[in-house]
Structures are given as C-alpha cells and as structure tokens.
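Each residue of the sequence shown is one higher than the one before, starting from 2 at the first, in this note's numbering.
Glycine included, each C-beta is placed from N, C-alpha and C at the ideal position.
Here the structure comes first, spelled out in structure tokens, and everything after it is commentary.
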Amino acid sequence: MKELEEKIKTEGNALSSTVLKVDGFINHQVDPVLMDKIGRTFAQYYKDRGITRILTIESSGIAPAVFTALHMGVPMVILKKQTSKTLMGDVYQTNITSFTKGTSYELTLSASYIDPDDKILIIDDFLANGEAASGASRLVHMGGAQVESVGILIEKSFQKGRKRLEDAGIEVRSLARISRLGRGIIEFTQADL
C-alpha cells in the first residue's frame, strides 16, 4: 500500500536494525484518514472470503481493525493483554512474548465473542517473529473457529514471522514489507496488498 509506505518513509524512524518507530500515525497518535484507507484496502481484499469477525490485540491493532470491521460490516474483538475484573465467565488464554517490549503476557479472549462457525481475520500493526499472531491464532482454535488470514500493516520481512505463520498453514497479507532497517535506513520489498 503506497500511502502507508510513504507515511513510513516520511514519518517513521528506524531506531535500529529491528526497531521502527511509527508512533506519530499508528500506535500513539493515530492518523484516522490513513486508518480508513487501510480498512478499505483490507475490506476490499477480503470481501469474498466469508469473514465473520475480526480479532486484534490491544492496543496498536485496534484502529486498523475497527476501520476494517466497519468497512466489512462485521464485529471486531479485542484480545486482552491483561485479565480484567469485568472479563468473567469462560475465557481462552495463551501466553505470548512481545518482540518489541521483550515481555510476556497472557492473551485472553472471552468465549462469548467467538463461535465455532466463525471465519476470523486477525489484524495487527507489526509482524516480526509472529508471536502475537500465533497467540491470537491459538485462541481462535481454542474457540473452535477458523483463522482465514492475518492482515498486517508493517511486516519486517527479514524476520521469521511470515515463515512461522505460513508453516502453520496461516495466510499472511501485509500492506508494507520492510526488507532492511538500520539507523535512518528503511528499505521496502514488494507488499501483498
């Protein structure tokens, strides 16, 4: 997606060979016009796939996931990183480790928000090692549903996330694929959408 790549080039900041800062338009301050375009792009691509629900992990995936859900006319479910006092009843949980933060947490999905006949689209902001998407996929399977695909805003294609997911039989579609990062260096390879 050219608009996303341009935004990354002009406003993104490569802090190292593995860390890209995009907090000015994705994960601290959100550019709603860009998120709307992202949502429309995903919705157009997945329109004939029978998606019944979109899942994302709090918090950076919420904006692109809600715009995608809006344009697809399906509910969006937020997977929680922390157990809440209001999250009662049957839940599915799995542990994952954040690449960016280097911390582990328990990802939670209420059984009320997934059905065995669901075809799920998982939306997330970054794909690095595939830990978050793999964890979300485990929760979908615990609920008896099917992961139709994983939609990613920014993929670090030099890391193992795509291979990990595809080896598990999960389709990955990325809007921007970065082939190399370095201090002040952001290089792209061909994106999926």
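query	result
Phe43: CB within 7 Å of a non-hydrogen atom of the ligand NAP	No copy of the ligand NAP occurs in the structure displayed, which carries no ligand at all.
Whether Leu122 touches Gly152 by CB criterion (8 Å)	yes
Interface flag, Tyr93 vs chain B, CB-CB below 8 Å	Here chain B cannot be found, since the structure has a single protein chain.
Burial state of Lys157 (16 or more Cβ within 10 Å)	buried
Separation of Ala44 from Ala66, as counted between CA atoms	10 Å
Beta-carbon proximity list for Ser113, same chain, < 8 Å, skipping 5 on both sides	Gly90 and Asp91
Option nearest Gln30 by Cα separation, candidates Ala129, Ala64, Gly40 and Thr11	Ala64
Residue environment, Leu16, which counts as buried when at least 16 other CB atoms sit within 10 Å	exposed
Alpha-carbon to alpha-carbon, Thr57 and His72	16 Å
Minimum C-alpha distance to Ser61 - residue among Ser175, Phe127 and Val173	Phe127
Selected residue, minimal CA-CA separation from Val173, among Leu154, Ser180, Lys3 and Lys81	Leu154
Helix, strand or coil at Gly162 [DSSP, three-state]	helix
Delimiting residues of the beta strand (DSSP E) encompassing Thr57	Arg54 to Ile58
One or two residues paired with Arg184 in a DSSP bridge	DSSP lists no partner for Arg184.
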